[in-house]
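S.K.: 1 is the number of the first residue of the sequence shown in UniProt numbering; add one for each residue after it.
In this text, a Cβ means the ideal position worked out from N, Cα and C, and glycines have one as well.
Please read these numbers as outputs of a predicted model, since none were measured by experiment.
A single structure is presented below for examination.
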Amino acid sequence: MVTANGTLLKIVDMIISAVVVGPLVIAFWRGIWEFMNYNSKWFPPEWTLFISVTLHLAFILAQDATLGAPWHNSAGCHVVSRMYIYCGGLMIVTEWRSLWVLLDQKIGLDINLIVAMTTFSVSVLILMKAICNIIAAPYCIGVDHDTKAIYPYMTMFRTRVSTISIL
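Okay, here's the thing in structure tokens:
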């Protein structure tokens, strides 16, 4: 009976992820992406890529400090964590869009360059043992029951990045 319930729960979970959560995440991405396209003079790809990558690195380096906050289980932490998620989402969509626009500008639709870039990217991801990342978003669903669950970034070597000296 437990196995049947577990299987049913997995099926319902997959359906919710594929039919509800995934499309909502994609709608969020598209809304941000199209807003930046519509206002492209405000969002030049080189500058927005630099800003978004810089912020992404800052988020990663600050992650351990946020986990140890004394107010971790308060309502204020809940609000801050939701703003963190929203800003992180904006930052990642901006990073993707900026790189995408730059690739369009530099490569265009030349099939030979596209195949070469795809082959190179997949090869490097395989060598890094990181190929699983191509299927992660948006179907890698995180549920925010615990505020601690939203902060950690997994790194290639599972290090605590914010404790590493940059000097």
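Would you kindly report the start and end of the unbroken alpha helix (DSSP H) that includes I26?
M.R.: G22 to Y38
S.K.: The alpha helix (DSSP H) with N112 in it runs from where to where?
M.R.: I111 to L127
S.K.: Suppose contacts are defined by Cβ-Cβ distances below 8 angstroms. Is S121 in contact with T48 by that definition?
M.R.: The Cβ-Cβ distance between S121 and T48 does not fall below 8 angstroms.
S.K.: Which residues mark the beginning and the end of the alpha helix (DSSP H) in which I134 is found?
M.R.: Element bounds for I134: n/a, residue is neither H nor E.
S.K.: Flag I111 as yes if its beta-carbon sits less than 8 angstroms from any beta-carbon of chain C, otherwise no.
M.R.: Included in the structure is just one protein chain, with no chain C present.
S.K.: Do you know offhand how far E34's Cα is from L24's?
M.R.: 15 angstroms
S.K.: Is it the case that the CB of R30 approaches a heavy atom of the ligand FAD more closely than 7 angstroms?
M.R.: Although the ligand FAD was asked about, the structure shown includes no ligands whatsoever.
S.K.: With DSSP as the reference, label P45 as helix, strand or coil.
M.R.: helix
S.K.: Quick check on this structure: which residue in E46, R82 and M91 has the alpha carbon closest to the alpha carbon of I60?
M.R.: M91
S.K.: So, P45 versus L102, is the Cβ gap smaller than 8 angstroms?
M.R.: yes
S.K.: On the three-state DSSP scale, how would you describe M130?
M.R.: Before going on, a small fix: residue 130 reads as Ala here, not Met. Looking at A130 - three-state DSSP - the assignment turns out to be coil, as it is neither helix nor strand.
S.K.: Near E95, what residues of its chain come up, given a Cβ to Cβ distance below 7 angstroms and the 5 sequence neighbours on each side ignored?
M.R.: Counting only residues of its own chain and dropping the five nearest sequence neighbours on each side, E95 has a CB closer than 7 angstroms to the CB of L49, S52, V53 and H56.
S.K.: Below 8 angstroms on the Cβ atoms is my guess for V93 versus I32; work out the distance and round it to an integer in Å.
M.R.: That pair is a contact at about 4 angstroms.
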